[in-house]
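For the protein sequence lines, the chains are A and B, in the order given.
Going by this note's numbering, 77 is the number at position 69 of the first sequence; the sequence numbering is gapless.
Going by this note's numbering, 77 is the number at position 30 of the second sequence; the sequence numbering is gapless.
Have a look at the structure below, then the notes.
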Amino acid sequence: DAGVIQSPRHEVTEMGQEVTLRCKPISGHDYLFWYRQTMMRGLELLIYFNNNVPIDDSGMPEDRFSAKMPNASFSTLKIQPSEPRDSAVYFCASSQGTTDTQYFGPGTRLTVL
Amino acid sequence: DQQVKQNSPSLSVQEGRISILNCDYTNSMFDYFLWYKKYPAEGPTFLISISSIKDKNEDGRFTVFLNKSAKHLSLHIVPSQPGDSAVYFCAATTGNQFYFGTGTSLTVIP
């Protein structure tokens, strides 16, 4: 298996633009997680899905953020409109269970100018 | 509110010596703890874990200790190797909630 795949690896956009981050989890994993990494707060869980259903989105910072998982092999994290404070590295991870190892993708480095 | 805290942002250790990375948590409902290692430009990778019913788990050079009364977790690396230089994240879960610390950057000096 290729592991968790994220695209794009780098995204530079201007404030106010819509940004869409993509993730393909490991096949057979029932859980998918979206994290944001910042220097101040480390890795923050934004939202996670179980069998394509959002379970906990309490970490989503505000309504500008939304996430979907239309099927078991694809998820998106959308920011609309984007702001400079959204600049961070966004990771997607998947696992077989809640206490099982989470396998992380390489991350998307987002820069909002 | 940081429920998992890593108070040391960085640590430097000589090759061959012991590295001790610390983590404190506030939620007594956490029942599973993990350590992840992260190299630059890569995603975190799982290193070692421990259930709350145990106080120690060992895997080769890596040992994790859990002190539930103190709500404290530590990772020991013996002996430390230059390839261990990375950022280490402590994580905790209740099974429904997941929290990571801010990370500790370990540098092993040859």
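For glycine and all other residues, C-beta sits at the position ideal for the given N, C-alpha and C.
Cutoff 8 Å: Leu-119 (chain A) Cβ touching any chain B Cβ: The sequence shown places Thr at residue 119 (chain A), not Leu. Closer than 8 Å: no.
Spatially closest choice to Phe-147 (chain B) from B:Val-155, B:Thr-154, B:Val-134, by CA coordinates: B:Val-134
Closest by C-alpha distance to Ser-116 (chain B), when choosing among B:Gly-107, B:Leu-68, B:Ser-55, B:Met-76: B:Met-76
Identity of the residue in A:Gln-110, A:Leu-40, A:Met-77 nearest Cys-137 (chain B) by Cα: A:Gln-110
Inter-stretch contact at 8 Å, needing at least 3 Cβ pairs: the segment 138–157 of chain B / the segment 77–91 of chain B: yes
Beta strand (DSSP E) segment containing Tyr-72 (chain B), residue limits: 66–72
Proximity test, Cβ basis, 8 Å: Asp-94 (chain A) and chain B: no
For Gly-130 (chain B), three-class secondary structure by DSSP: helix
Beta carbon proximity, Tyr-79 (chain B) to chain A, threshold 8 Å: yes
Contact with chain C by Thr-73 (chain B), beta-carbon distance below 8 Å: The displayed structure is made up of protein chains A and B, and chain C is not among them.
Cβ-based burial, Asp-71 (chain A) [other Cβ within 10 Å; buried from 16]: exposed
Proximal residues of chain B, C-beta to C-beta of Pro-114 (chain A) below 8 Å: Ala-88, Glu-89, Gly-90
For Lys-118 (chain B), the residue or residues it bridges with in DSSP: DSSP lists no partner for Lys-118 (chain B).
Arg-117 (chain A), DSSP secondary structure in three states: strand
Test item: CB-CB of Phe-25 (chain A) and Pro-89 (chain A) under 8 Å: According to the sequence as given, residue 25 (chain A) is Gln; it is not Phe. Yes.
Proximal residues of chain A, C-beta to C-beta of Phe-109 (chain B) below 9 Å: Within chain A, no residue comes near Phe-109 (chain B); the closest Cβ sits about 14 Å away, beyond 9 Å.
Beta carbon proximity, Asn-7 (chain B) to chain A, threshold 8 Å: No statement about residue 7 (chain B) is possible, as the shown extent of chain B runs from 48 to 157 and does not include it.
Proximity below 8 Å, CB of Leu-68 (chain B) to CB of Ser-121 (chain B): yes
Asn-104 (chain B): first and last residue of the uninterrupted beta strand (DSSP E) it sits in: 103–106
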